[in-house]
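Report on the structure given below.
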Amino acid sequence: MRHAKRVKKLGRTKSHRKAMLANMAASLLTYQVIKTTETKAKEVRRLAEKLISLAKKGDLHAHRQVYEVIRDRKLVKKLFDEIAPKFADREGGYTRVSKLGPRRGDGAPLSVVELLLERAPKEDKKGKKGKAEKKTKSAAAKAEKPKRKKKEKVEAKAEEVETKDQEAKPEEKPDQLKEEPKAGSEKGDSKDSE
Numbered sequence: 088m089r090h091a092k093r094v095k096k097l098g099r100t101k102s103h104r105k106a107m108l109a110n111m112a113a114s115l116l117t118y119q120v121i122k123t124t125e126t127k128a129k130e131v132r133r134l135a136e137k138l139i140s141l142a143k144k145g146d147l148h149a150h151r152q153v154y155e156v157i158r159d160r161k162l163v164k165k166l167f168d169e170i171a172p173k174f175a176d177r178e179g180g181y182t183r184v185s186k187l188g189p190r191r192g193d194g195a196p197l198s199v200v201e202l203l204l205e206r207a208p209k210e211d212k213k214g215k216k217g218k219a220e221k222k223t224k225s226a227a228a229k230a231e232k233p234k235r236k237k238k239e240k241v242e243a244k245a246e247e248v249e250t251k252d253q254e255a256k257p258e259e260k261p262d263q264l265k266e267e268p269k270a271g272s273e274k275g276d277s278k279d280s281e
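Residue numbering for the sequence shown follows our numbering, starting at 88 and increasing by one per position.
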């Protein structure tokens, strides 16, 4: 019997479980939100809260202890310099686990683990701002533009098309147009005469 055994084995060996939880904790600290199964979420919460508590101490020994778990110097620096100071006034409960419901494929109960920070808007790879900011900018741009009626829009588009056509076609001389058909008709005449 496993009385008073605190470790959830998660169907893995010790080394696999340790590596998996360390990776999930690193992802949680990087992205502030991760989605996983309920039991994994509860285990990751335990580990993440320990790491944040160590980071709040801020001494060299705490740095070394955190680095044993998270093997990424940039992330450890971010944890100590950015994340831990935000939790300075809090004694615990740095994360929240919210249940989502069963997973569609196998019915496993899913949960979301999130740091209780104010999250910045998402940025895409190309440096674009979050959806909320895009909507506000587009709404402001629409408000600034005067609204045209349908007739005016059609007329404006027709004018644009005409100007583009005029710019695209070079002006041709009427003499050149008349000469070319004559040359073709002469060849045709010569063939008929033969």
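Backbone N, C-alpha and C define an ideal beta-carbon position, used for all residues, glycine too.
> Which same chain residues, not among the five before or five after Pro189, have their C-beta less than 8 angstroms away from its C-beta?
Replying inline: For the purposes of this step, residue 189 is taken as residue 102 along the sequence shown, with counting starting at 1. Same-chain partners within the cutoff: Ala195, Pro196 and Leu197.
> Among Ala113, Ser114, Glu130 and Ala91, which has the Cα closest to the Cα of Leu340?
Replying inline: The first residue shown for the chain is 88 and the last is 281, placing residue 340 beyond what the model contains.
> When the Cα of Arg132 is compared with those of Leu203, Glu239 and Val248, which residue comes out closest?
Replying inline: As a first step, residue 132 is located in the sequence shown; it is residue number 45 there, counting from the start. It is Leu203 whose Cα lies nearest to the Cα of Arg132.
> For Ile121, does the three-state DSSP call read helix, strand or coil?
Replying inline: For the purposes of this step, residue 121 is taken as residue 34 along the sequence shown, with counting starting at 1. Of the three classes helix, strand and coil, the one that applies to Ile121 here is strand, per DSSP.
> What are the partner residues of Pro196, as DSSP defines its beta bridges?
Replying inline: As a working note, residue 196 is residue 109 in the sequence shown. Paired residue(s): Pro189.
> Could you give the C-beta distance for Phe174 and Ile121, rounded to a whole number, given that I count them as a contact under 8 angstroms?
Replying inline: If you number the sequence shown from 1, residue 174 lands on position 87. If you number the sequence shown from 1, residue 121 lands on position 34. Not really, about 18 angstroms apart at Cβ, beyond 8 angstroms.
> For the alpha helix (DSSP H) that contains Val153, what are its first and last residues?
Replying inline: Numbered from 1 along the sequence shown, position 66 holds the residue referred to as residue 153. Note, Val153: alpha helix (DSSP H), Leu147 to Val156.
> Among Thr126, Val153, Val163 and Glu246, which one has its Cα closest to the Cα of Leu187?
Replying inline: Indexing the sequence shown from 1 puts residue 187 at position 100. Ranking Thr126, Val153, Val163 and Glu246 by Cα distance to Leu187 puts Thr126 first.
>> If you follow the alpha helix (DSSP H) that Arg160 is in, where does it begin and where does it stop?
In response: As a working mapping, residue 160 is identified with position 73 in the sequence shown. Run containing Arg160: Arg160 to Lys165, per the alpha helix (DSSP H) assignment.
> How about Val153 and Leu166: do their beta carbons lie closer than 8 angstroms?
Replying inline: Indexing the sequence shown from 1 puts residue 153 at position 66. Indexing the sequence shown from 1 puts residue 166 at position 79. In contact: Val153 and Leu166 (Cβ atoms closer than 8 angstroms).
> Residues in its own chain within less than 6 angstroms of Pro33 by CB, not counting five upstream and five downstream?
Replying inline: Since the first residue shown for the chain is 88 and the last is 281, residue 33 is missing from the structure and cannot be characterised.
>> Tell me the rounded alpha-carbon separation between Glu205 and Thr250.
In response: Translated into the one-based positions of the sequence shown, residue 205 becomes position 118. Translated into the one-based positions of the sequence shown, residue 250 becomes position 163. Looking at the two C-alpha atoms, the distance is approximately 52 angstroms.
>> Do Ala135 and Ala106 count as a contact pair if the criterion is CB distance below 8 angstroms?
In response: For the purposes of this step, residue 106 is taken as residue 19 along the sequence shown, with counting starting at 1. For the purposes of this step, residue 135 is taken as residue 48 along the sequence shown, with counting starting at 1. Result no, Cβ atoms of Ala106 and Ala135 do not sit closer than 8 angstroms.
>> Please tell me whether Ala149 and Ile170 are closer than 8 angstroms, where the distance is taken between their beta carbons.
In response: One-based indexing of the sequence shown puts residue 149 at position 62. One-based indexing of the sequence shown puts residue 170 at position 83. In this structure, Ile170 does not lie closer than 8 angstroms to Ala149 by Cβ.
>> Output needed for Arg89: all residues of its chain with C-beta closer than 7 angstroms, excluding positions within five of it in sequence on either side, in chain order.
In response: Translated into positions along the sequence shown, residue 89 becomes position 2. Result list for Arg89: empty, nothing under 7 angstroms.
> In terms of alpha-carbon separation, which member of Glu247, Ala243, Asn110 and Lys92 lies closest to Val156?
Replying inline: Taking the sequence shown and counting its residues from 1, one reaches residue 156 at position 69. Considering only alpha carbons, the answer is Asn110.
> In this structure, does DSSP put Val131 in helix, strand or coil?
Replying inline: Locating residue 131 in the sequence shown gives position 44, where the first residue counts as 1. Val131: helix per DSSP, three-state reduction.
> Apart from the five residues on each side of it in sequence, which residues of its chain come closer than 6 angstroms, Cβ to Cβ, to Arg104?
Replying inline: For the purposes of this step, residue 104 is taken as residue 17 along the sequence shown, with counting starting at 1. Hits under 6 angstroms: Leu97.
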